[in-house]
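Quick note on numbering: the sequence shown equals residues 1 to 467 in the numbering used here.
Backbone N, C-alpha and C fix where the C-beta goes; we use that ideal spot for every residue, glycine too.
The structure appears below as C-alpha cells.
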Amino acid sequence: MKVSFPIKAKLFLLIALLLLFTMGSTSLFLLGHQKRMLTEELQKRGMIMLHMLSEESKGPLLSGDDLLLHKFVAEVKRSEGVLYALVCDQRGLIQAHTDLSRVGKQLVEREGIDIRREGDLTIRVIREGGEEVIDFTRPILYGGIEVGRAKIGISAQLVAEALVKARNRMLWLTLLSLALGTGGSMLLATLLARPVRRLMEGAREIGSGNLNFRIQIRSHDELGELTRSFNEMAESLWKKKLIEEAFGRYVTKQVAQEIMRHPEQIELGGKRQEVSVLFADIRGFTRLAERNDPEEVVRTLNSYLTLMTRSVFKHEGTLDKFLGDAIMAVFGAPIFYPDHALRAIAAALDIQEEIRALNKKRTAAGMEAVEIGIGINAGEVVTGNIGSEERMEYTVIGDNVNIAARLEDLAGAGQILISESIFQAVEGKVRVRPLDLVCLRGREKALPVYEVSGLAEVGSGNERSHC
1 MKVSFPIKAK LFLLIALLLL FTMGSTSLFL LGHQKRMLTE ELQKRGMIML
51 HMLSEESKGP LLSGDDLLLH KFVAEVKRSE GVLYALVCDQ RGLIQAHTDL
101 SRVGKQLVER EGIDIRREGD LTIRVIREGG EEVIDFTRPI LYGGIEVGRA
151 KIGISAQLVA EALVKARNRM LWLTLLSLAL GTGGSMLLAT LLARPVRRLM
201 EGAREIGSGN LNFRIQIRSH DELGELTRSF NEMAESLWKK KLIEEAFGRY
251 VTKQVAQEIM RHPEQIELGG KRQEVSVLFA DIRGFTRLAE RNDPEEVVRT
301 LNSYLTLMTR SVFKHEGTLD KFLGDAIMAV FGAPIFYPDH ALRAIAAALD
351 IQEEIRALNK KRTAAGMEAV EIGIGINAGE VVTGNIGSEE RMEYTVIGDN
401 VNIAARLEDL AGAGQILISE SIFQAVEGKV RVRPLDLVCL RGREKALPVY
451 EVSGLAEVGS GNERSHC
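Listed below in C-alpha cells is the structure:
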C-alpha cells in the first residue's frame, strides 16, 4: 500500500524550511548591514561634533578664553558615548579637556589604526583605558593657518551593544516568524478566503476615512504580503495626515499642502539658503506681568502671539518658534520665495497695524496697551532639522539670524528695523528712514540700519522717504 504524503504536511515542511533559510540569511545580512550603518552613523556623528567644536573654538582659542573652551568640550562630553573631548593650541598644549587633570599638558598621540582620512580630518581606532575608542582629530584653522587642534573620542562599545540588541531581536523575530509560519501552513487551505475578506473590509474603512484601521497579518504568503502592503499604505496615509497637521502649526495650510505634494523640493537634512528672518518682541512685558494676574497675562500674551502668527502666515512665512513673549519667523524656507524680504516687511507692517487696532480696543476697555519691536535681516543661513534623536525641530541658524535678533533688541516700541541686506532687496518698494550706523551687540563693525514706515506707493515718484 502506497503511503500518501498529505498536502498539509508538504506545505508545513516547505514553508518551515524556506522561512528558516530566509530569516536566517536575512538576519545575517541585516546584522552586517546594520554594523556598517552604525559605524558610519557613529563616524558621521563624531565628525559633526568635531566640526562644531573646532569652529566654535577658534575665537576662544585665539583670545585665550579657557572658560568658554571648557564649556564647549563639556557640551560635547554630554553626548552619548563620548569619552573625551579636548582643544589644544598650535604647540600641542591642551587648553581645554573633559579631564581637567590634563589641561596644560602636552598632547600625546596614542598609537592606533587609521580608518579614515578625509581632507584635514583623521579618524583612528585607539585604545584608551583598556577600551577601544574611535578618535576624531581635526586642525583648527583661522585664515588658513592652523592655530590648534580639536579631538573627540567616542566609545566603539556603542556599536557592539547595538549589534547585540539587534541580534537578539533578530533571533526572537526569526523564532516567532518560524512558529507562525509553520502553524499557518497547516491552516492555509481553510484560511485563504479570510485574508481576502479582511482586505475588502480594510479598503472600505480606509475609504470612509478611518486611517487608523489595520489588518492583522496571519500568513506569510502572497496574501500576507498584500496585507502588509495594505498596512504600510494605511500607515503612510496616516503619517502624511499627521505631518500635514504638524506643518500646519508652523506654516500656512497652502505651504503644508505644497510640501506634501512635492516633498522632493524640500531638503530637511540641512542646507544653506537665502532667507529673511524676523524677530518680534513685546516691549515692557515684564512690567505687564508684574501688574496683572497670571491668567490675564497668559490671555494677553496668547492674543498678541496669535495676532503675530496670523500675520506671518498671511505672507507665507514659517513660524520658527515662540521665545517667551517673542516670535521668530522665517521667510523663504522650507519653500523658497524670491521676494522673501518683501514678504517679511509686509508681515511686520501687518503685525504693527494689527497691534494698533488691538491696542485701541484694549485702551477703550480700560486695559493697558502693548507695543511690539521688530527686527528683520536677510542673508544666507543653514536650514534643517536640528536637535537630538529624541526631539528635533526644523529651524534656521547662522550669523544672519543673530543680526535679526540684535535688530529686534534695538527696535523701540512700534518700530520695524531692517538691515542693509533687506534694504537692498526691497529698495524702491518700501518707505524707509536711514538711521545712524549702529553697533550691534557681538559685532565689531557698525552696521547701517533702516526704520520702515510703510510700503511705497506705486507711481508716487517718492518711493523712499528720508529724515
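Excluding the 5 residues preceding and the 5 following residue i in the sequence, name in chain order all residues of the same chain whose CB lies nearer than 8 Å to its CB.
i      : result
Gln415 : Gly373, Ile374 and Glu451
Leu31  : Leu163, Ala166, Arg167 and Met170
Leu93  : Gly104, Lys105, Gln106 and Leu107
Ala378 : Glu274, Val275, Ser276, Val277, His340, Ala341, Ala344, Asn400, Ser419, Ser421, Ile422 and Ala425
Thr39  : Val159
Val73  : Leu53, Ala85, Leu86, Val87, Ala96, His97 and Thr98
Thr174 : Leu20, Met23, Gly24 and Ser27
Ile217 : Gly224, Thr227, Arg228 and Asn231
Arg291 : Glu368
Kindly identify the DSSP beta-bridge partner or partners of residue i.
i      : result
His97  : Leu86
Gln106 : Leu93
Ser419 : Val449
Thr122 : Arg117 and Thr137
Thr22  : Thr22 pairs with nothing; no bridge assigned.
Leu455 : Val430
Lys151 : Leu86 and Thr137
Arg127 : Glu132
Val382 : Arg272 and Ile397
Gly375 : Phe279 and Leu417
Ile145 : Tyr142
Val438 : Leu447
Gly112 : Ile126
Mind reading off the beta-carbon distance from residue i to residue j? Whole number of angstroms is fine, and I expect it under 8 Å.
i      : j      : result
Ile376 : Leu410 : Rounded, the Cβ-Cβ distance is 12 Å, inconsistent with contact.
Val147 : Ile154 : Between Ile154 and Val147 the Cβ distance is about 24 Å, and since that is not below 8 Å, they are no contact.
Glu371 : Arg283 : 5 Å
Leu69  : Pro60  : 5 Å
Ser177 : Met23  : 6 Å
Lys35  : Val159 : 7 Å
Val396 : Ala333 : 6 Å
Ile126 : Asp114 : In fact, because the Cβ distance is near 10 Å, the residues do not count as touching under 8 Å.
Glu128 : Arg110 : 7 Å
Leu67  : Tyr142 : Going by Cβ atoms, the distance from Leu67 to Tyr142 rounds to 20 Å, so no, they are not a contact pair.
I'd like the list of long-range same chain contacts for residue i, defined as Cβ closer than 6 Å, with 5 residues on each side in sequence excluded.
i      : result
Asn462 : Low local confidence applies: a pLDDT of 41 at Asn462 is under 50, so the model's placement there is unreliable, and no value is given.
Cys467 : Caution applies to Cys467, whose pLDDT of 32 falls short of 50 and renders its modelled position unreliable; the model cannot decide the point.
Val164 : none
Ala346 : His315
Ala453 : First, the amino acid is wrong: residue 453 is Ser here, not Ala. Contacts found: Arg431.
Gly81  : Ile154, Ser155 and Leu158
Leu18  : none
Leu349 : none
Glu380 : Arg272 and Glu274
Thr300 : none
Ile386 : Thr395
Cys439 : Ala446
Ser465 : The predicted model places Ser465 with a pLDDT of 36, which falls under 50 and marks its position as unreliable, so this point remains unresolved.
Asp281 : Ala326, Gly373 and Glu408
Ser460 : Low local confidence applies: a pLDDT of 47 at Ser460 is under 50, so the model's placement there is unreliable, with the coordinate-based value given in what follows. None.
Glu118 : none
Within its chain, find whatever has a CB closer than 7 Å to the CB of residue i; leave out the 5 residues flanking it on each side and keep chain order.
i      : result
Phe213 : Gly202, Glu205, Ile206 and Ala234
Cys88  : Ile94, Gln95, Leu107, Gly148 and Arg149
Met49  : Val76, Ser79 and Ile152
Gly412 : Gly373
Glu354 : Leu307 and Ser311
Asp120 : Arg138 and Pro139
Phe285 : Asp325
Leu42  : Ile134, Ile154, Leu158 and Val159
query: Residue ranges of each alpha helix (DSSP H) run of no fewer than 4 residues wholly in the segment 268 to 337, ordered along the chain?
result: 285 to 291 and 294 to 314
message: Using a Cβ distance threshold of 8 Å, determine whether the segment 396 to 406 contacts the segment 303 to 310, with at least three qualifying pairs required.
response: no
message: Quick check on the DSSP output: what are the complete alpha helix (DSSP H) runs of length 4 or more inside the segment 21 to 74, in order along the chain?
response: none
- prompt: Does the segment 316 to 336 come within contact of the segment 357 to 368, defined as at least 3 CB pairs closer than 8 Å?
  reply: no
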